[in-house]
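Asks: Everything in the sequence shown is counted per UniProt numbering, starting at 1 for the first residue and increasing by one.
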Amino acid sequence: MNPPATAVIIGGGIGGLATARALHRQGIETTVYERRAEATDAGAGNGLVVWHNATIALRGLDLEPDLADIGLPLQRYVFRSAADRDLATWSLADGARRTGAAAYTVARPDLHRLLAKAAPDRIEYGAQCVGFEEDRDGVLVRFADGREVRTDLLIGADGIRSVVRRQLIPAEPPPRHAGVRAWQGVVADPGGVPDGAFLNTFGHGLWFVFYKLAGGLVYWDGVVSDEVARDDHRLRDGRLGEQGKAFLTRLFGDWPGPIPDLIAATPADELQPVDIADRDPVPRWSTDRVTLVGDAAHPMTFNLGQGANQAIEGAGVLAGSLAAEPDLSTALRHYDTARTVRTARLVRQSRANGVFSRWRHPVVCAARDAFMRVAFPRLVYRKTYQLTMDLHPLTTTEGRP
Numbered sequence: 001m002n003p004p005a006t007a008v009i010i011g012g013g014i015g016g017l018a019t020a021r022a023l024h025r026q027g028i029e030t031t032v033y034e035r036r037a038e039a040t041d042a043g044a045g046n047g048l049v050v051w052h053n054a055t056i057a058l059r060g061l062d063l064e065p066d067l068a069d070i071g072l073p074l075q076r077y078v079f080r081s082a083a084d085r086d087l088a089t090w091s092l093a094d095g096a097r098r099t100g101a102a103a104y105t106v107a108r109p110d111l112h113r114l115l116a117k118a119a120p121d122r123i124e125y126g127a128q129c130v131g132f133e134e135d136r137d138g139v140l141v142r143f144a145d146g147r148e149v150r151t152d153l154l155i156g157a158d159g160i161r162s163v164v165r166r167q168l169i170p171a172e173p174p175p176r177h178a179g180v181r182a183w184q185g186v187v188a189d190p191g192g193v194p195d196g197a198f199l200n201t202f203g204h205g206l207w208f209v210f211y212k213l214a215g216g217l218v219y220w221d222g223v224v225s226d227e228v229a230r231d232d233h234r235l236r237d238g239r240l241g242e243q244g245k246a247f248l249t250r251l252f253g254d255w256p257g258p259i260p261d262l263i264a265a266t267p268a269d270e271l272q273p274v275d276i277a278d279r280d281p282v283p284r285w286s287t288d289r290v291t292l293v294g295d296a297a298h299p300m301t302f303n304l305g306q307g308a309n310q311a312i313e314g315a316g317v318l319a320g321s322l323a324a325e326p327d328l329s330t331a332l333r334h335y336d337t338a339r340t341v342r343t344a345r346l347v348r349q350s351r352a353n354g355v356f357s358r359w360r361h362p363v364v365c366a367a368r369d370a371f372m373r374v375a376f377p378r379l380v381y382r383k384t385y386q387l388t389m390d391l392h393p394l395t396t397t398e399g400r401p
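#1: How many Å lie between Val317 and Leu248 at the Cα?
#2: May I ask you to report which of helix, strand or coil DSSP gives Gly179?
#3: For the segment 158-210, which segments carrying the beta strand (DSSP E) assignment without a break, of at least 3 residues, lie completely within its bounds, in sequence order?
#4: Thinking just about the alpha-carbon of each residue, which of Asp86, Gly13, Pro4, Arg339 is nearest to the one in Asn200?
#5: Please return the same chain residues whose Cβ sits closer than 7 Å to the Cβ of Glu313, not counting the five positions on each side in sequence.
#6: Alpha carbon to alpha carbon, how far is Asp295 from Ala268?
#7: Under 8 Å between C-beta atoms, does Arg21 make it to chain D?
#8: Count the other CB atoms, across all protein chains shown, that sit within 10 Å of the CB of Arg97; report buried if there are 16 or more and exposed otherwise.
#9: So for Asp94, helix, strand or coil by DSSP?
#10: Rounded to whole angstroms, what's the CA-CA distance from Arg339 to Tyr219? Just pull it up for me.
#11: To the nearest angstrom, how far is the alpha carbon of residue 439 from that of Leu387?
#12: So Gly138 is in the beta strand (DSSP E); what residue range does that whole segment cover?
#13: Could you give the C-beta distance for Asp280 and Arg176, rounded to a whole number, given that I count them as a contact under 8 Å?
#14: Quick one: measure Cβ to Cβ for Gly131 and Gln167, integer angstroms, because I've assumed they're closer than 8 Å.
#15: State yes or no: is the C-beta of Asp152 within less than 8 Å of the C-beta of Pro4?
#16: Is Arg166 near the ligand HEM, with its Cβ less than 7 Å from a heavy atom?
#17: Among Gly12, Pro362, Ile263, Leu61, which one has its Cα closest to the Cα of Ala83?
#18: Less than 8 Å between the C-beta atoms of Thr266 and Gly191, yes or no?
#19: Return the CA-CA distance between His204 and Pro194, expressed in angstroms with no decimal places.
#20: Please work out which residues of its chain come closer than 8 Å, Cβ to Cβ, to Val374, disregarding the five sequence neighbours upstream and downstream, and give them in chain order.
#21: Taking all protein chains shown into account, decide if Ser329 is buried (16 or more other Cβ within 10 angstroms of its Cβ) or exposed.
#22: Here's the rule I'm using: 16 or more other beta-carbon atoms within 10 Å means buried, otherwise exposed. How should Asp62 be labelled?
#23: Just verifying my parser: in three-state terms, what is the DSSP assignment at Thr6?
#24: Can you check which of these residues, Arg342, Phe208, Asp145, is closest to Arg80 by C-alpha distance?
#25: Write down the C-beta distance between Ala118 and Gly13 rounded to the nearest angstrom, noting that I regard them as a contact closer than 8 Å.
#26: Taking the C-alpha atoms as reference points, what is the distance between Glu95 and Pro73?
#27: Please go through the same chain and pick out, in chain order, the residues whose beta-carbon is closer than 7 Å to the beta-carbon of Val149, but skip the five residues on each side of it.
#28: How would you write the range of the beta strand (DSSP E) that Ser81 sits in, first residue to last?
#29: I need the boundaries of the beta strand (DSSP E) containing Ser321, first residue and last residue.
#30: With DSSP run on the structure shown, which of helix, strand or coil describes Arg373?
#31: With DSSP run on the structure shown, which of helix, strand or coil describes Pro84?
#32: Which class does Val282 belong to by DSSP, given the choice of helix, strand or coil?
#33: Just to confirm the assignment, what range does the alpha helix (DSSP H) spanning Thr340 have?
#34: Tell me the DSSP secondary structure of Thr31 in three-state form.
#35: Less than 8 Å between the C-beta atoms of Glu38 and Ala127, yes or no?
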């Protein structure tokens, strides 16, 4: 089977656009099909951390300077209790030295725009994929408006409820709800938010994170366990408005500053409710001509902050696999081998880390806080931080010879 001359990517999010950039650098003519009707700001009201591993992958796409232009360097993780007690702090300096790459906080729309600008081939909006047919000579992709497109390689980058994945793995159960819901906001810095820090504050079935973004903004995330929200229909049904904002204020209003100020500064109609979910890992997600990237391949909870990072990393590994192996089917098998084991470990570790934020019993929470003060930085570094830095050699791509 010859190398692909053309590729179709379903999904114009971070993973799809990073993959388009990576494939273009391999000389593959690539078209991205996105179901949204127009190029709106994907992920508005949302922030993320680009960890060292994704910075390295973006370096391989010649985008590291652009990342530095839109992001703020992240230097440390800080853990506190809702009672305003220090629990743990760990520095990212060692990871930066070991990998030779910084971590950054970025606004998701800024990263999306960066990648859209860097994807030099076509992006077609208003294109809802409904299925595909694969044969030995290529893939026929079908869209809801009746269009049909033929391509050498089809890549599903269409998220946790991927249409492409559903056809590849038809018997799979629905995504697994993680037992929490998150409410997100981006506001002007009210003061009291330290530079270069990712702040985590833990309560009883509650968790609050916040950090600075470029442009004088702060991103925050209020995470509420199902047990806490169980008796409030507004949160359960996602009808926020002023009543929902008042409920969040009651939950977090007596927490250490600037947490109450961040909620107060966020307009009620700009609160972003997000159901947190993942899927069980699978041993393979590719056929001879069809594969997956990002959340379509390995959706994970946000507890490691690796969802978008793994999408970017996977784009580099896929392009590197195609560059290293001229036979398409073999290249996709190599891609699966490189990615399935690594991402399965991250999915499981992220799921395990999420338990910390769901605990409610005072005795259990006190034990958690004591554990974090004594051992958490060392264990987090060994089990999660090092795990995310365990890069595959094909993460950085240089283009086809």
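No residue lacks a Cβ here, since even glycine has one placed at the ideal position from N, Cα and C.
Replies: Quick answer:
#1: In the sequence shown, the residue the question calls residue 317 occupies position 317. In the sequence shown, the residue the question calls residue 248 occupies position 248. Looking at the two C-alpha atoms, the distance is approximately 41 Å.
#2: For the purposes of this step, residue 179 is identified with residue 179 of the sequence shown, where counting begins at 1. Shown here, Gly179 sits in a strand according to DSSP, grouped into three states.
#3: Counting whole runs of 3 or more residues, the segment 158-210 contains the beta strand (DSSP E) stretches 176-188, 197-202.
#4: Locating residue 200 in the sequence shown gives position 200, where the first residue counts as 1. Closest by alpha carbon: Asp86.
#5: What you label residue 313 is simply residue 313 of the sequence shown in a count that begins at 1. Annotation for Glu313: Asn53, Ala54, Ala57, Thr395 place their beta carbon closer than 7 Å to its own, counting only its chain and skipping 5 residues before and after.
#6: The residue you call residue 295 lines up with position 295 of the sequence shown. The residue you call residue 268 lines up with position 268 of the sequence shown. Rounded to the nearest angstrom, the gap between the Cα atoms of Asp295 and Ala268 is 28 Å.
#7: Absent here is chain D; the protein component of the structure consists of one chain.
#8: Residue mapping note: residue 97 aligns to position 97 of the sequence shown, counting from 1. By the neighbour-count rule (16 or more Cβ atoms within 10 Å), Arg97 is not buried but exposed.
#9: The residue you call residue 94 lines up with position 94 of the sequence shown. In the structure shown, Asp94 sits in a helix (DSSP, three-state: H, G or I).
#10: Counting from 1 along the sequence shown, the entry for residue 339 is found at position 339. Counting from 1 along the sequence shown, the entry for residue 219 is found at position 219. Approximately 30 Å, taken between the alpha carbons.
#11: A question about residue 439 goes unanswered here, because the residues of the chain that appear run from 1 up to 401.
#12: Sequence index remark: in the sequence shown, residue 138 carries index 138 (1-based). Note, Gly138: beta strand (DSSP E), 138-143.
#13: Counted from its first residue, the sequence shown places residue 280 at position 280. Counted from its first residue, the sequence shown places residue 176 at position 176. Between Asp280 and Arg176 a beta carbon distance of about 7 Å is seen, short of the 8 Å cut, so the two are scored as contacting.
#14: The residue labelled residue 131 in the question sits at position 131 within the sequence shown. The residue labelled residue 167 in the question sits at position 167 within the sequence shown. Beta-carbon to beta-carbon, Gly131 and Gln167 are separated by about 6 Å, close enough to satisfy the 8 Å threshold.
#15: In the sequence shown, counting from the first residue as 1, residue 152 sits at position 152. In the sequence shown, counting from the first residue as 1, residue 4 sits at position 4. Yes, Cβ-Cβ distance for Asp152 and Pro4 is below 8 Å.
#16: The ligand HEM is absent from the structure shown, which contains no ligand whatsoever.
#17: By 1-based counting over the sequence shown, the position of residue 83 is 83. Put simply, of Gly12, Pro362, Ile263, Leu61 the residue whose alpha carbon is nearest the alpha carbon of Ala83 is Pro362.
#18: Sequence index remark: in the sequence shown, residue 266 carries index 266 (1-based). Sequence index remark: in the sequence shown, residue 191 carries index 191 (1-based). Between Thr266 and Gly191, the gap from beta carbon to beta carbon reaches 8 Å or more.
#19: Position 204 of the sequence shown, counting from 1, holds the residue named residue 204. Position 194 of the sequence shown, counting from 1, holds the residue named residue 194. Looking at the two C-alpha atoms, the distance is approximately 24 Å.
#20: In the sequence shown, residue 374 corresponds to position 374, counting from 1. Cβ neighbours of Val374 within its own chain (closer than 8 Å, five residues either side excluded): none.
#21: The count along the sequence shown starts at 1 and reaches residue 329 at position 329. With fewer than 16 Cβ atoms within 10 Å of its Cβ, Ser329 is classed as exposed.
#22: Numbered from its first residue, the sequence shown carries residue 62 at position 62. Per the 10 Å Cβ criterion, exposed.
#23: For the purposes of this step, residue 6 is taken as residue 6 along the sequence shown, with counting starting at 1. In this structure, Thr6 counts as strand in the three-state DSSP scheme.
#24: Position 80 of the sequence shown holds residue 80. Selected option, being the one with the closest Cα: Phe208.
#25: The count along the sequence shown starts at 1 and reaches residue 118 at position 118. The count along the sequence shown starts at 1 and reaches residue 13 at position 13. At roughly 14 Å, the Cβ-Cβ gap does not stay under 8 Å, so Ala118 and Gly13 are not in contact.
#26: Walking along the sequence shown from the start, residue 95 turns up at place 95. Walking along the sequence shown from the start, residue 73 turns up at place 73. Sequence inspection shows Gly at residue 95; the Glu mentioned does not correspond to that position. For Gly95 and Pro73, the gap between their C-alpha atoms comes out near 13 Å.
#27: For the purposes of this step, residue 149 is identified with residue 149 of the sequence shown, where counting begins at 1. Closer than 7 Å at Cβ, skipping near neighbours: Val8, Val141.
#28: Here residue 81 refers to the residue found at position 81 when the sequence shown is read from its first residue. Run containing Ser81: 76-81, per the beta strand (DSSP E) assignment.
#29: The sequence position of residue 321 within the sequence shown is 321, counting from 1. Run containing Ser321: none in the beta strand (DSSP E); it sits in the alpha helix (DSSP H), 307-324.
#30: Mapped onto the sequence shown, residue 373 falls at position 373. Note: Arg373 maps to helix in three-state DSSP.
#31: Against the sequence shown, residue 84 aligns to sequence position 84. Residue 84 is actually Asp in this sequence, not Pro. In the structure shown, Asp84 sits in coil (DSSP, three-state: anything other than H, G, I, E or B).
#32: Taking the sequence shown and counting its residues from 1, the one referred to as residue 282 is at position 282. Coil.
#33: Position 340 of the sequence shown, counted from the first residue, corresponds to residue 340. It spans 328-353 - the alpha helix (DSSP H) in which Thr340 sits, taken as one unbroken run.
#34: Translated into positions along the sequence shown, residue 31 becomes position 31. In the structure shown, Thr31 sits in a strand (DSSP, three-state: E or B).
#35: The count along the sequence shown starts at 1 and reaches residue 38 at position 38. The count along the sequence shown starts at 1 and reaches residue 127 at position 127. Taking 8 Å as the Cβ cut-off, Glu38 and Ala127 do not qualify as a contacting pair.
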